[in-house]
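Chains D and Z supply the protein sequences, listed in that same order.
First residue of the first sequence? That's 1154 in the numbering used here, and the numbers climb one at a time after it.
First residue of the second sequence? That's 1154 in the numbering used here, and the numbers climb one at a time after it.
Some notes on the structure that comes next.
2 protein chains.
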Amino acid sequence: MSEQPISGQAIRSFDLESWIADELRRLESALGSWVAPGGGVPAELAAPMRYSVLDGGKRLRPLLVLAASQAVQGEPQAALRAACAVELIHAYSLVHDDMPCMDNDVLRRGKPTVHVRFGQASALLAGDALQALAFELLTPQDGSVALALQGHLCGLLARAAGGQGMAGGQAIDLASVGRSLDARQLHEMHRLKTGALLQASVLMGAACGPAGESAKRALADYGAAIGLAFQVVDDILDVTADSQTLGKTAGKDAAQDKPTFVSLMGLHESRNYAQELLSQARASLRQSGLHRTDALEALADKLVHRAF
Amino acid sequence: MSEQPISGQAIRSFDLESWIADELRRLESALGSWVAPGGGVPAELAAPMRYSVLDGGKRLRPLLVLAASQAVQGEPQAALRAACAVELIHAYSLVHDDMPCMDNDVLRRGKPTVHVRFGQASALLAGDALQALAFELLTPQDGSVALALQGHLCGLLARAAGGQGMAGGQAIDLASVGRSLDARQLHEMHRLKTGALLQASVLMGAACGPAGESAKRALADYGAAIGLAFQVVDDILDVTADSQTLGKTAGKDAAQDKPTFVSLMGLHESRNYAQELLSQARASLRQSGLHRTDALEALADKLVHRAF
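If you want it as structure tokens, here you go:
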């Protein structure tokens, strides 16, 4: 008679890659069925919307939503919608950011950017429609997400996406080309530009379950730390990786004379800083008092040690 | 001793212009304090956002929200936020629509368009941030709007703005230049492009109060009729008014060989059609069984008989 070992402690052998593979299957299937699947959205708009979203991105933000929801035993359907909504905001920002009047980039994830493939007007409209679709996903009319939670999720996402979040950070970024920023200004730019949406991913996942205020504050701290770590690592990779590995144009920041953590503090210190932020993120998870934080911890680790 | 005449019936002498003047004061004040008033949003983004919104538009959509809310004795603070949110979606759509890759228009409400004044990148970002801000306005964190109502309002606005609404209509419009559309296709384009947001204005106002389902259906019919009437009148004015009166470039549709109601059915029939839609709108208001529909009726009348 065989018996499984039983332990009072959770067994610490979390398999992130298998967790990711499972969650990605759900995510890709949900995105495929929710992003302009034909019928309601005119075909000329649906095509660039689907092209920009259904292309095998890393899905870091939606994975964070799902991991945070898991930590609070959140409502799965709400979390899946929140996860896809955050990814749509990210996707729209890339579409607009790549346009000629912004970064004028022709390559994204190894494919022609949306405006190269479909024209600028279609790229502009597809981005606009993706932002609206994010809020559509958060507000299903079939009763699958409680109205109050819909309101809460919309508020978190709107603040992270708007002028006090991602769009604000992009405006600072745009104005900073060729200027030198000090450490405080660089942090502020990235807190808005990429940090706000990454942190919102965690908060939206946490909103799907019944966590207490102190647990949510700790998750917010975790989100802030990994948001910043993400950008530090991005800046490191911009100078150490090649375009093919990145799936986008490498060395772009240096070429455009944009201030980065590497240009400010050097490569070695940037690496140390990323490690320090990872430690902070882990400490916040411990402080949260939540038990199912395996996926959040492993994602933070992966994010800092990623090669692309 | 003087005595005011008292009547069991409401006295039918609604003064629309004075109602509009009062509501516009509240609206302009609210927009001025809510649209990137300094502090949270970086100055380089706040400037084009404020420029595009605080410029004395006609505010038709927010007035519809407030009038519909009045008809159902809606919650005033929620209605004011909904009114401003709808106007922000309208404003962002104009900013993006005017850009060189879309209509390439340099004049809007008698002023240089946003991209002419601030550059294309700022116009793109300001539009993006205005869309997010619309959802921020609907989701205040101070308890002034119930969370469930926040969710309901966000859902209505997102659907009206997105691929099955305004953005979808713009995509059809973009693809229709130089093509001939039949009456069904032209209706469908305008139902999405301008009708959806006008109808949503009415529905969002109605959502702020306790109207029954049949009243809301009647208000939806009213919204559909005036949404279409608005576009028919717009097409008429494009060929009959001059640029100075319109505050935008007149004759643009004809110059771009865009299908319009006038090109499809002629000027005379277009005018008849606008009148017929006005009658439909009035009939829907009667069917609603609501009593305080004076402002909605007067707005419909003004919309059809406007000269700009």
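No residue lacks a Cβ here, since even glycine has one placed at the ideal position from N, Cα and C.
Limits of the unbroken alpha helix (DSSP H) element including residue i
i	result
Ala1235 (chain D)	Pro1229 to Asp1250
Gln1440 (chain Z)	Phe1414 to Ser1441
His1335 (chain D)	This sequence places Asp at residue 1335 (chain D); His is not what is there. Counting along the chain, Asp1335 (chain D) falls outside any alpha helix (DSSP H), and DSSP gives it neither H nor E.
Lys1411 (chain D)	Premise fails: Lys1411 (chain D) is in no alpha helix (DSSP H) and is neither H nor E.
Leu1345 (chain Z)	Looking at the DSSP string, Leu1345 (chain Z) is not in any alpha helix (DSSP H), and its letter there is neither H nor E.
Gly1376 (chain D)	Glu1366 to Thr1393
Leu1449 (chain D)	Asp1447 to His1458
Ala1189 (chain D)	Unbroken run through Ala1189 (chain D): none, as it is neither H nor E.
Pro1477 (chain Z)	Outside the shown range of chain Z (1154 to 1461) lies residue 1477 (chain Z), about which nothing can therefore be said.
Pro1201 (chain Z)	Ala1196 to Val1206
Status (buried if at least 16 other CB within 10 Å, exposed otherwise) for residue i
i	result
His1268 (chain Z)	buried
Arg1439 (chain D)	exposed
Tyr1204 (chain D)	buried
Ser1432 (chain Z)	exposed
Gly1376 (chain D)	buried
Val1248 (chain D)	buried
Gly1419 (chain D)	exposed
His1243 (chain Z)	buried
Val1188 (chain Z)	buried
Ala1353 (chain D)	buried
Gly1434 (chain D)	The sequence as given places Ala at residue 1434 (chain D); Gly does not occur at that position. The residue in question, Ala1434 (chain D), is buried, as its Cβ has 16 or more Cβ neighbours within 10 Å.
Gln1294 (chain D)	exposed
Gly1209 (chain Z)	exposed
Ala1282 (chain Z)	buried
Arg1261 (chain D)	buried
Pro1363 (chain Z)	exposed
Pro1229 (chain D)	exposed
Gly1280 (chain Z)	buried
Asp1546 (chain D)	Given a span of 1154 to 1461 for chain D in the structure shown, any question on residue 1546 (chain D) remains unanswerable.
Arg1337 (chain D)	exposed
Glu1429 (chain D)	exposed
His1444 (chain Z)	exposed
Asp1335 (chain D)	exposed
Arg1332 (chain D)	exposed
Glu1103 (chain D)	Given that chain D is displayed from residue 1154 to residue 1461, the structure contains no residue 1103 (chain D) and the question cannot be resolved.
His1305 (chain D)	buried
Proximal residues to residue i (C-beta, below 6 Å), its chain only, five neighbours per side dropped
i	result
Phe1414 (chain Z)	Val1385, Asp1388 and Ser1423
Ala1163 (chain D)	With a pLDDT of only 46 at Ala1163 (chain D), under the threshold of 50, the placement of this residue in the model should not be trusted; the figure read from the coordinates follows. Within the same chain, Ala1163 (chain D) has no close Cβ partners at all.
Lys1455 (chain Z)	none
His1343 (chain D)	Gln1384
Leu1309 (chain D)	Ala1353, Leu1356 and Met1357
Gly1161 (chain D)	Low confidence applies here, because Gly1161 (chain D) scores a pLDDT of 41, under 50, leaving its location unreliable and the question unanswered by this model.
Phe1392 (chain Z)	The amino acid occupying residue 1392 (chain Z) in the given sequence is Val; Phe does not appear at that position. Hits under 6 Å: Val1415.
Val1482 (chain D)	Residue coverage of chain D in this structure runs from 1154 to 1461, which leaves residue 1482 (chain D) outside it and unanswerable.
Gly1322 (chain D)	Met1342, Leu1345 and Lys1346
Residue i - partner residues in DSSP beta bridges
i	result
Leu1169 (chain Z)	Paired residues: none, contrary to the question.
Leu1213 (chain Z)	For Leu1213 (chain Z), which the question treats as bridged, DSSP gives no partner whatsoever.
Leu1260 (chain Z)	Z:Pro1265
Cβ shell of residue i (< 7 Å), same chain only, five flanking positions each side left out
i	result
Leu1105 (chain Z)	Here chain Z covers residues 1154 to 1461 and nothing more, so residue 1105 (chain Z) does not appear.
Gly1191 (chain D)	Ala1199
Ser1441 (chain Z)	Ala1368, Ala1371 and Leu1372
Asp1256 (chain D)	Asp1250
Leu1177 (chain Z)	Arg1212
Ile1465 (chain Z)	In the structure displayed, chain Z extends from 1154 to 1461; residue 1465 (chain Z) sits before or after that span and is not available.
Contacts around residue i, its chain only, beta-carbon distance under 8 Å, and the 5 residues preceding and following it disregarded
i	result
Met1319 (chain Z)	Ile1242, Ser1246, Ala1313, Leu1345, Lys1346, Thr1347, Ala1349 and Leu1350
Gln1284 (chain D)	Leu1241, Ile1242, Tyr1245 and Ala1314
Leu1452 (chain D)	Leu1169, Leu1213, Leu1216, Leu1217, Ala1220 and Ile1379
Gln1157 (chain D)	Legend: pLDDT at Gln1157 (chain D) = 45, less than 50; position of this residue unreliable, no value from coordinates given.
His1340 (chain Z)	Leu1381
Leu1207 (chain D)	Glu1181, Leu1184, Gly1185 and Val1188
Check: residue i C-beta below 7 Å from any heavy atom of the ligand MG
i	result
His1343 (chain D)	Absence of the ligand MG from the depicted structure is noted, as is the absence of any ligand whatsoever, leaving it without description.
Taking the runs of the alpha helix (DSSP H) that are 4 residues or longer, which of them lie wholly in the region 1262-1326 of chain Z? 1267-1271, 1273-1291 and 1300-1314
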